[in-house]
Ligand SMILES: [Zn+2]
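Residue numbers (my numbering): 75 to 313.
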C-alpha cells in the first residue's frame, strides 16, 4: 500500500506545481497572443520591436547604431545585473529615447522559484535600474516563466507584464541571418510584439540578429509597417 501513498503525494506535488507556476505562465502567455491575433484584423500596421538579455558589450551598441540609423524605436528588457555593468549603454538608450524594462536580476527562471526569491529578484531589479535613472514600467520574465509570487509583485511594483507575439529563435546557433529575417517577415502581423535578443545566445547569436534586422527593417517598412515603442501597449494591462 506504500506505493498508493507515494502516488497520492506525487499527485499533490504535481497539482501544486501546476497551480503555482504552470497555470500563471501559460494562461497569461496564450491570453496575450490570442488577444493580439484577434485584434490584428482591425489593427494599424504597427510593430513593436523588443530585445531581451542585454545589454551586451559587443552587440548592444551595434544594434543601437542600426536602430538610430533606421529611426526605429525599440524596447530593451534588460538583465539588471548586466545593466549595472554597462551604465554607458543605458545612458545612450535614455538619451536617444529607447524604452527600458527589466528581464529579472540575473536571468533566472521563476518557474518553481521560492516565493521570497521571486519578490527579492523583482524588487532588486527595479532598485538597480532606478539607481541608473530608469523609471521601470515593464517586466518581461525570462522564458516567460511566472509564478503566483511574480503576479503579486508585478502588481505591487506597478509593472506591466509584457509577453510577445513573434519570436525568430534568434538565440540558436542553427539560425542564420537569412533564416531569422525570413521568420520575422513570415510571422509578423499588425500590432505584433517581436521578441529578439541583444545578449546571451549561442555562438555570437546577437550578431546574426543584427544582420537579420538590417534586411528585415527596410522590407517591413516597404510593406507599410511602422515601429513603435512597446510602452504604447502598456495601457492594455493583462493582470
Ligand atoms: Zn531572456
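All C-beta atoms, glycine included, are put in the ideal place defined by N, C-alpha and C.
For this session: Can you tell me which of the three DSSP states residue 277 falls into?
Result: The three-state secondary structure of residue 277, taken from DSSP, is coil.
With distances taken from each beta carbon to the nearest heavy atom of ligand 1, which residues come in below 5 Å, in chain order?
-> Taking a cut-off of 5 Å from the heavy atoms of ligand 1, the residues with a C-beta inside it are 126, 127 and 216.
*According to DSSP, is residue 127 helix, strand or coil?*
Coil.
Residue ranges of each alpha helix (DSSP H) run of no fewer than 4 residues wholly in the region 167–209, ordered along the chain? Counting only runs of at least 4 residues, the region 167–209 fully encloses the following alpha helix (DSSP H) elements, listed from N- to C-terminal order: 189–205.
Let me check understanding here. Comparing Cα to Cα, which of 138, 151 and 179 lies closest to residue 169? Ranking 138, 151 and 179 by CA distance to the CA of residue 169 puts 138 first.
**Asked** Whose C-alpha, out of 84, 141, 175 and 92, is nearest the C-alpha of residue 304?
**Response** Cα-wise, what sits closest to residue 304 is 175.
Could you pull out every residue in the same chain whose Cβ sits closer than 8 Å to the Cβ of residue 195, ignoring the five residues on either side in sequence?
Cβ within range, chain order: 178, 179, 180, 182, 184 and 187.
### Query
Per DSSP, which one or two residues make a beta bridge with residue 241?
For residue 241, which the question treats as bridged, DSSP gives the partners 269.
| task | For residue 299, I'd like the list of residues in its chain whose CB is within less than 6 Å of its CB, leaving aside the five on either flank, ordered along the chain. | result | Taking C-beta separations shorter than 6 Å and ignoring five residues to either side along the sequence, the partners of residue 299 in its chain run 119 and 121, following chain order.
TODO: Taking only the alpha-carbon atoms, compute the straight-line gap between residue 113 and residue 258 and give it to the nearest angstrom.
DONE: About 19 Å.
>> Assuming contact is defined by CB atoms lying nearer than 8 Å, are residue 238 and residue 210 in contact in what I supplied?
In response: No, Cβ-Cβ distance for residue 238 and residue 210 is not below 8 Å.
Whole angstroms are fine: how far does the CA of residue 154 sit from the CA of residue 216? Separation of residue 216 and residue 154 (C-alpha to C-alpha, rounded to the nearest whole angstrom) is 12 Å.
For the putative contact between residue 254 and residue 242, defined by C-beta atoms under 8 Å, what is the C-beta separation to the nearest angstrom?
Right, their Cβ atoms sit about 5 Å apart.
(request) Give the straight-line distance between the Cα atoms of residue 50 and residue 247, rounded to the nearest whole angstrom. (result) Because the chain in this structure spans residues 75 to 313, residue 50 falls outside the shown range and cannot be described.
Across the region 222–237 and the region 130–146, are there enough close Cβ pairs to call them in contact, namely three or more that are closer than 8 Å? No, because fewer than three Cβ pairs between the region 222–237 and the region 130–146 fall closer than 8 Å, the two stretches do not touch.
- [ ] Report the rounded CA-to-CA distance for residue 292 versus residue 234, giving the unit in angstroms.
- [x] Approximately 30 Å between the Cα atoms of the pair.
request  = Between the Cα of residue 284 and those of 140, 173 and 111, spot the shortest distance and give me the residue it belongs to.
outcome  = That would be 140, whose Cα lies nearest to the Cα of residue 284.
request  = Determine the closest residue to residue 302 out of 287, 130, 290 and 147, with distance taken between C-alpha atoms.
outcome  = Minimum Cα distance to residue 302 is reached at 147.
Checklist entry - With burial defined as no fewer than 16 other Cβ atoms inside 10 Å of the residue's Cβ, what is the status of residue 104: buried or exposed? => result Residue burial annotation: residue 104 is exposed, with fewer than 16 other C-beta atoms found within 10 angstroms of its C-beta.
Checklist entry - What does DSSP give as the partner residues of residue 234 in its beta bridges? => result Residue pairing by DSSP places residue 234 opposite 212 in a beta bridge.
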